[in-house]
Amino acid sequence: MGGKIVVNEELCKGCQLCITVCPFHLIQVSSNINSKGYHPAKFVDPERKCTGCTLCALTCPEIAIEIYKITGS
Amino acid sequence: MGGKIVVNEELCKGCQLCITVCPFHLIQVSSNINSKGYHPAKFVDPERKCTGCTLCALTCPEIAIEIYKITGS
Amino acid sequence: MLVKVFERPKSMFPVTTHYCPGCGHGIIHRLLAEVIDELGIIERVAGIAPVGCSVLIYNYINCDMYEAAHGRAPAIATGCKRVHPDLIVFTYQGDGDLASIGTAEIIHAAARGENITVLFVNNAIYGMTGGQMAPTTIIGQKTTTSPNGRAPGREGYPVRVAEMLATLEGAAYIARVAVHKPKYIIAAKKALRKAFETQINGLGFSLVEFLSQCPTNWGMSPQKAVDWVEEKMIPCYPLGEFKTPETKKTVEEA
Amino acid sequence: MLVKVFERPKSMFPVTTHYCPGCGHGIIHRLLAEVIDELGIIERVAGIAPVGCSVLIYNYINCDMYEAAHGRAPAIATGCKRVHPDLIVFTYQGDGDLASIGTAEIIHAAARGENITVLFVNNAIYGMTGGQMAPTTIIGQKTTTSPNGRAPGREGYPVRVAEMLATLEGAAYIARVAVHKPKYIIAAKKALRKAFETQINGLGFSLVEFLSQCPTNWGMSPQKAVDWVEEKMIPCYPLGEFKTPETKKTVEEA
Amino acid sequence: MSPFYEDVIIAGFGGQGILFIGKLLAYAVMKEGRNVTWIPSYGPEMRGGTANCTVVVSDEEIGSPVITNPRSLIIMNNPSLEAFEPRLKTGGLLVVNTSLVTLQPKRTDVNIVKVPANEIAIEVGNDKVANMVMLGAYIAKTKIVVKENILEALKKVLGKEKEELFELNKIAFEKGIEIGNM
Amino acid sequence: MSPFYEDVIIAGFGGQGILFIGKLLAYAVMKEGRNVTWIPSYGPEMRGGTANCTVVVSDEEIGSPVITNPRSLIIMNNPSLEAFEPRLKTGGLLVVNTSLVTLQPKRTDVNIVKVPANEIAIEVGNDKVANMVMLGAYIAKTKIVVKENILEALKKVLGKEKEELFELNKIAFEKGIEIGNM
Amino acid sequence: MGEKVLISGNEAIAEAAVQAGCRFFFGYPITPQNKIPEYMSKRLPQVGGCFVQAESEIAAIYMVFGAAGAGARVMTSSSSPGISLKMEGISYIAGAELPCVIVNVMRGGPGLGGILPSQSDYFQATKGGGHGDYRLLVLAPSTVQEAVDLIMDAFDLADKYRNPVMVLADGYIGQMMEPVEFKKSPPPELPPKNWAITGAKGRPRNLIKTLYLNPVELEKHNLKLQQKYLEMAKNEVRVENYMTEDAEIIIAAYGTTARITKTAIKILREKGINAGLVRPITLFPFPYSTFKEIAEKVDNILVVEMNMGQMLEDVKIGVCGRAEIHFYGRTGGMVPSYDEIAVQAEKIVKEEAI
Amino acid sequence: MGEKVLISGNEAIAEAAVQAGCRFFFGYPITPQNKIPEYMSKRLPQVGGCFVQAESEIAAIYMVFGAAGAGARVMTSSSSPGISLKMEGISYIAGAELPCVIVNVMRGGPGLGGILPSQSDYFQATKGGGHGDYRLLVLAPSTVQEAVDLIMDAFDLADKYRNPVMVLADGYIGQMMEPVEFKKSPPPELPPKNWAITGAKGRPRNLIKTLYLNPVELEKHNLKLQQKYLEMAKNEVRVENYMTEDAEIIIAAYGTTARITKTAIKILREKGINAGLVRPITLFPFPYSTFKEIAEKVDNILVVEMNMGQMLEDVKIGVCGRAEIHFYGRTGGMVPSYDEIAVQAEKIVKEEAI
Ligand SMILES: Cc1ncc(C[n+]2csc(CCOP(=O)(O)OP(=O)(O)O)c2C)c(N)n1
Ligand SMILES: Cc1ncc(C[n+]2csc(CCOP(=O)(O)OP(=O)(O)O)c2C)c(N)n1
Ligand code: SF4
Ligand code: SF4
Ligand code: SF4
Ligand code: SF4
Ligand code: SF4
Ligand code: SF4
Ligand SMILES: [Mg+2]
Ligand SMILES: [Mg+2]
């Protein structure tokens, strides 16, 4: 049972707090720039390590992260 | 070594606090009325009991009492 | 199957905030909205915004709201609560707002045991006006009006609001929390919920002091700011419950 | 031979006061004048009168004086002391003045560690304006604005100023005394002298809270008022030193 | 006949019931359908221990409620005599409590009624009702209201709480009327 | 010859050094003995992340420091082009940073100078000095001050603390002049 | 006619408020208006209302803000120094368009001043002692009965315009007793308070605010406020013309000064001088046109105030050079007597005659 | 000519104060004047002075009271809502006759309003936003240089009259940079501050107060204050007449609005319309006589303000019906442009011509 996060790039302000708290270092700074001029966070989880622990979302001041748990099939 | 108090009748407002605190009940309400309409306190010490303990003056809100100690001769 | 386990609270508008990257206000807003949602009280909430960076909180939370004058939110809350005792009334106030200009209002709201909930955001600075010293600025901290670092002999000592208010009988629930890291954030939400429950149960004045980061006016990156909360603020402002309706007694640090 | 052992302090004018018979203000004035005389500081004292029954204190004590606006004496004292650090600055304030309208000013003067001395006269009432409720009015006490007796649910709880201020680091000496009986009056003077010495030694903010009788607005004879202090006020407002420069820590009741 | 008009200043020490008899008068006037104003002194003189009030009575709209030269004076202590006697209108009425006012009125162009109010009050039972004696004398002289309306006002003002004081006040008042009618 | 007069609005994102080059310009003008006003935007647009300032230069007393229809524009982002282009005076000068401004200017009655400022800045070493490139181009076109006075201003503003940034800024500025002179 | 009661101005003001539906009062003691909060502390709980003695005048005015914003009828009262402390709050209330009633029982200033009657807060009340382009509707009663009537109207006017209304009285009006009848006229049709804070149940949430960071919006908001003030000027001006028809000299006065002036006019007319009184009842909106008209008819206007010349300026604006304006003022708690006023008026008429 | 420095209005105001001998500053942050306290917090300790960030504007004004009463040169600054909070204190300071300088960098109101420039506190400054018959000496700079000069004068004027002086600026003056020369003229002969609180050594004790329970004394005190205000009106009126000699229309404006008007006048004259400007520099005392005189010469006066018409009333009083008065105002942070002003003026002149 893993997890998955979705970062809303337009809401994100690139503060990188989520990056600091993810226990598996699954979040990075994107090279994109959003319309406000920020480099948003980017979810990079090739090995499907994300547990959906919500730590990243808990610490996000912009509520830019939504989290899903992958259950069952 | 005894004591003696002098009440300034014009300053006194007849609150009677001094009367309450004198350990020897040496102060009474005068029947005089001062120019403000108060009955001032009156020192009555026929038996020379006053010790000059200053309790009466300490409690007087109007500083209407002066106290003397009688020493020596 | 995908199950959403974290999403924007319903009582928040889906808009971007005006806060700087990494600002603690955003986190506290979310906690507030979550607690409102969980208690199911959004239709009977009245909020009072302060003057400070969070003056625009009404752009984010979808409940009846007043915007107060600087420092006067507790008085407005009093006026509102007395008219509508059934409303759940909260104020949201910065440290300049609550601990400086609004000192009398917060103390007397607490002394009256006014049945309201106060979110007090202590970021050790005046955010909105550009980084001047707050009553909560810590010793040594440089601000635009304590350019040489706050020195007790010149600028006095930090005010510990939670401790001070806990001396008042009307205060029913007083706690200090922080929002710089997830575990603190989780604890902060618990305290906030307890504060609202105190009000709902009619037990009197409740206040939660949030230590909050202001990267912009501290002149730090958001990550550095998070560390600064841990290393500098918490030692000056110990976390914990200083009063609870159960004890109604002063509790030394948690 | 007659030796005068008690007389009017030199720094007091030889005039009658405007106070009601049995009012505590007169006693506190005398203690103040005695301490000033004993410390020999009359030529470098600046006093700040409040708005309250004691607004005319400058008619009784022969030193440089300001008359403040209601509640603002600590701010005026701050302005004065910053200009003349060598002056010995005191404020004299009632409970309406200091604990109600002037709450912010007193707390921040204490928080700044402003090197001044405050005489705080707690008579549980607004004397000058005719007996309205004060923040210090005790539970059950009837006043002209708490006609059914102060009830916590309606009018809130009494504010304990000494305890509250003792939570502030800038406060160096905080004590509560009473003036209804000679032994208390003697203790009160000691505390007041200590407060002034704290200032003279540059140790920071000092405050003495005097429980004081207001026979007129309590609706009692002076003797009854004295008993009321003992029986009602002291249980609500315990006497003692709450902070001293030596400990700078909170001391539970003396 | 020009419309009815009267004004009176009542003055004495605080605690003598100065404002009280002014209010009784005002109540009674109101009862009789006339216009009336009652205004107390509330300035610095109060701290000095004196009190006074002004009652104006008129069939017309009342202009000034404060009076420079009153038509009548009810005087209960020395300082008040000194303060107000010179202001009394020529031909006016001066009711003076001779029990307490030791100074002699100087005016010869006014009507002076001397009332040993405290002595009478003590006679009827209590020094405190000297004010009612004064009021009685004043009303007897001016006939400004009927006695009954003062008594009704008295009843109303004393209320249930101080009902027991009614008789004493009434007697004092009636004694005052007697003196005034003498 | 009528007395010298010029006004320019400099606009872009906050953080692009908009206010900074405005100040350098104002310093240099002052150095040359002319009157100058520099006024920043400090209203709600600041919270929106944009910034602008207006510099007015004149031999006479300066009246309005805010300008409805400026003679020149230095534009560093798209929103600013949209906001200010329509207000430019006919025959005016528009210096536009083509590295960031992707919109095309619409005006045909003005003088347009396109400066790939960020590219040049990166070339000379740092993206942050794009503002200096823009300033150089503007000054080359208008000759409003001599180059040396801008450099003197730069030295002064950077101060001891940021001395090491002088060279980089200078080079960027000079590159800008080159482009302006092209 | 209902029953008359003998009551002091302060108590009458309080009772009138209660009868007008005021259920909330927030105040702080200050002489000479203490009977208002004291009366309210007893009376409001009897009618299911609530009295709070605030920690200060500032807290009081913001409690009013809160209660008015919550849709209640609410009042506060104070006297001059206390009113000065409310200036920021009054600007906020006006800016947020909250209806409430504010009573100023004026005393002598400046500073702590004294406790006796004065009219020296006229400017503060009418020109906006607080910041920004706001205006209060200002009512100046001259008798206790009028204080009662105006207080009752004040609540309706406040609701009608969503604007704070100030009742500007003075120490004498507060302390004086007069027979009074409480007769509330049926309230006018008033707009529902659908903007109030009551909990966003079944409706979009409400917002009460004064911040408009965008100046275009703030200007629009201000223009809307101005429109309201113009409406007031059109609909609400009240003024009493007393014996003005045949007047050769007009005295302009309001409040206590005006009723003293009526006695002065009697004296003057006994001496054969036909004096009249123009008494503004609304100080804002000010009866400029009354003064314009009267100035066409008389040569001299004597303004009498308990201050050093404040309404004087409005009279000047109204008269606009059409008549000579004179001023007689007492201040600091001194009340002009009818004699003094008569002497002043007589002097003007006599000099004119030379 | 000394050296010019490029400096923002806020910083220039602070530095000018220091150069004028101001050693104490008590303030509370508020946009758009934060650079003043910030500058002072750095600068004052360098010159042996003292800066205190007060807990509120109210505390700040009473710290000023304390320091001014102690004989120091002292200043405070704020912006509109913060100034409203100082109203009680200003009335006290005026009543106690303490010299000090108060700066209001005005922003849009009412309430929290906005942070952009405004002139909507004109009434508050000139008519006494606080209670009682007091007046401030009010100076309105139009450029940063003038802000510097007027601040320096303000301290001298405050000491000369023992009266608070208000410098009424707006957000643009505070934020704008201009080259400035700091040239303090030698201070006038000023009376010694023998009334100050310094410790009663070798002299009778001093007393600083505003309470006069006896109304006779309070009136006397007020008359003394009035005398001072008359003196100011006699000696201190400052006004700039700009291109008025041949003007067919006069524009009246002060502060930022006035300098924008100068550009408008240029435009108008290019179009052949001879416009002139009357710019009051002292708003109190107001240059009534200048307006009286100018009104004899032109038919139309256009008052331009960043408010809804406040100085307008003083112009009306000055003009007193001798010329037609028009008004153009922007408010809430909107600044009138020279174009708009020119259009307004042109319209008036053209309509006149029909
Ligand atoms: C009466 C008044 N004084 C001052 C201000 C200016 N002001 C706006 S926000 C603020 C302080 C904000 O600091 P804080 O309350 O700590 O909130 P933060 O921005 O740090 O969240 C000040 C002083 C104002 N708007 N009104
Ligand atoms: C701003 C302001 N608000 C209110 C008052 C009225 N006032 C004068 S004294 C006082 C309270 C006095 O009570 P306290 O401070 O307890 O002194 P006390 O008379 O009991 O000694 C009040 C409310 C005032 N003068 N100024
Ligand atoms: S949910 Fe947990 S594991 Fe997944 S990205 Fe966020 S912090 Fe990392
Ligand atoms: S915490 Fe939120 S705002 Fe910050 S970088 Fe991550 S997603 Fe973006
Ligand atoms: S000094 Fe002591 S003994 Fe003498 S009268 Fe006073 S209290 Fe009594
Ligand atoms: S204590 Fe003082 S004032 Fe009271 S009765 Fe005794 S002497 Fe008189
Ligand atoms: S200034 Fe500080 S408190 Fe304000 S939004 Fe930015 S980070 Fe947050
Ligand atoms: S009212 Fe009370 S405090 Fe005031 S003088 Fe009288 S007894 Fe003292
Ligand atoms: Mg803060
Ligand atoms: Mg008290």
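Protein chains in written order, with this note's numbering: chain A, 2 to 74; chain B, 2 to 74; chain C, 495 to 748; chain D, 495 to 748; chain E, -6 to 175; chain F, -6 to 175; chain G, 335 to 688; chain H, 335 to 688.
C-beta: ideal position from N, C-alpha, C; glycine also.
Could you tell me whether any non-hydrogen atom of ligand 1 is closer than 7 Å to the CB of L446(H)? Yes.
For a test of the three-state rule: what should DSSP assign to L545(H), helix, strand or coil? Strand.
Hey, is T60(B) close to ligand 6, as in C-beta under 7 Å from one of its heavy atoms? Yes, Cβ of T60(B) sits closer than 7 Å to a heavy atom of ligand 6.
May I ask whether a heavy atom of ligand 5 can be found less than 7 Å away from the beta carbon of P47(B)? False, no ligand heavy atom lies under 7 Å from that Cβ.
With DSSP as the reference, label A669(C) as helix, strand or coil. DSSP places A669(C) in strand when its eight states are reduced to three.
At which residues does the beta strand (DSSP E) containing I536(C) begin and terminate? Segment: none, I536(C) is in no beta strand (DSSP E) and carries neither H nor E.
Beta-carbon neighbours of S640(C), restricted to chain H and to distances below 9 Å: The answer, in chain order, is S375, Q387.
If you drop the 5 nearest sequence neighbours on each side, which residues of the same chain put their C-beta closer than 6 Å to that of G7(E)? G42, A44.
Tell me the DSSP secondary structure of V745(D) in three-state form. Note that V745(D) scores a pLDDT of 37, beneath 50, so its modelled location is shaky; the value from the coordinates is reported in the next line. Here V745(D) sits in coil by DSSP.
Which listed residue (L450(G), L446(G), G448(G), L471(G)) has its alpha carbon closest to that of F457(G): Among L450(G), L446(G), G448(G), L471(G), the Cα nearest to that of F457(G) belongs to L471(G).
Compare the C-beta of L27(B) against all C-beta atoms of chain D and say whether one is closer than 8 Å. So no, L27(B) is outside the interface.
Just checking: is the beta-carbon of I628(H) within a distance shorter than 8 Å of some beta-carbon in chain D? I628(H) does not count as touching chain D.
Considering only C-alpha positions, which residue in the set A348(G), G466(G), P371(G), L340(G) is nearest to K16(E)? For the residues A348(G), G466(G), P371(G), L340(G), the minimum Cα distance to K16(E) belongs to L340(G).
Given that N548(G) touches chain C, what residues does it touch there, using C-beta distances under 9 Å? Near N548(G) there are no residues of chain C at all, since even the closest Cβ is about 12 Å away, more than 9 Å.
Cβ of G533(G) within 8 Å of Cβ of E537(C)? Pairing G533(G) with E537(C) gives a Cβ-Cβ distance under 8 Å.
Can you grab the Cα-Cα spacing for the pair V398(H) / A618(C), in whole Å? Straight-line spacing of the CA atoms in V398(H) and A618(C) works out to 26 Å.
Using CA atoms only, rank isn't needed, just tell me which of D633(G), P366(G), S454(G) is closest to Q560(H). Among D633(G), P366(G), S454(G), the Cα nearest to that of Q560(H) belongs to S454(G).
contact_flag[the segment 694 to 701 of chain C, the segment 36 to 46 of chain A] where n(CB pairs < 8 Å) is 3 or more: The segment 694 to 701 of chain C makes no contact with the segment 36 to 46 of chain A; the number of CB pairs closer than 8 Å stays below 3.
beta-carbon P24(B) near ligand 5 non-hydrogen atom, thresh 7 Å: With a cutoff of 7 Å, P24(B) counts as near ligand 5, since its C-beta is closer than that to a heavy atom of the ligand.
Which of helix, strand or coil DSSP assigns to V138(F): If DSSP states are grouped into helix, strand and coil, V138(F) belongs with coil.
Does any CB atom of chain D fall closer than 8 Å to the CB of C19(B)? No, because no Cβ of chain D sits closer than 8 Å to the Cβ of C19(B).
Nearest by alpha-carbon distance to A679(H): which of V669(H), G666(H), E658(H), T665(H) is it? Selection V669(H), G666(H), E658(H), T665(H) evaluated against A679(H) yields E658(H) as nearest (Cα-Cα).
For L446(G), decide whether its Cβ has a neighbour in chain D, counting only Cβ atoms nearer than 8 Å. True, the Cβ-Cβ gap to chain D drops below 8 Å.
Thinking C-alpha only, which one of E532(D), T510(D), H512(D), P508(D) is nearest K684(D)? When only C-alpha atoms are compared, the closest one is E532(D).
For my contact list, V615(D) and G573(D) are in at a C-beta cut-off of 8 Å; report their separation, rounded to the angstrom. No, V615(D) and G573(D) are not in contact; Cβ-Cβ is about 22 Å, not under 8 Å.
beta-carbon A1(A) near ligand 4 non-hydrogen atom, thresh 7 Å: Lying before the first or after the last residue shown, residue 1(A) is absent from chain A, which here runs from 2 to 74.
Which of the three DSSP states is assigned to H470(H) in this structure? Note that residue 470(H) corresponds to Leu in the displayed sequence, not to His. Coil at L470(H), not helix or strand.
Near ligand 4: E82(A) beta-carbon under 7 Å from a heavy atom: No information on residue 82(A) is available, as it lies outside the stretch 2 to 74 that chain A covers here.
Is there contact here, the segment 509 to 516 of chain C with the segment 60 to 68 of chain A, by at least three beta-carbon pairs under 8 Å? Counting Cβ pairs under 8 Å, three or more are found: they touch.
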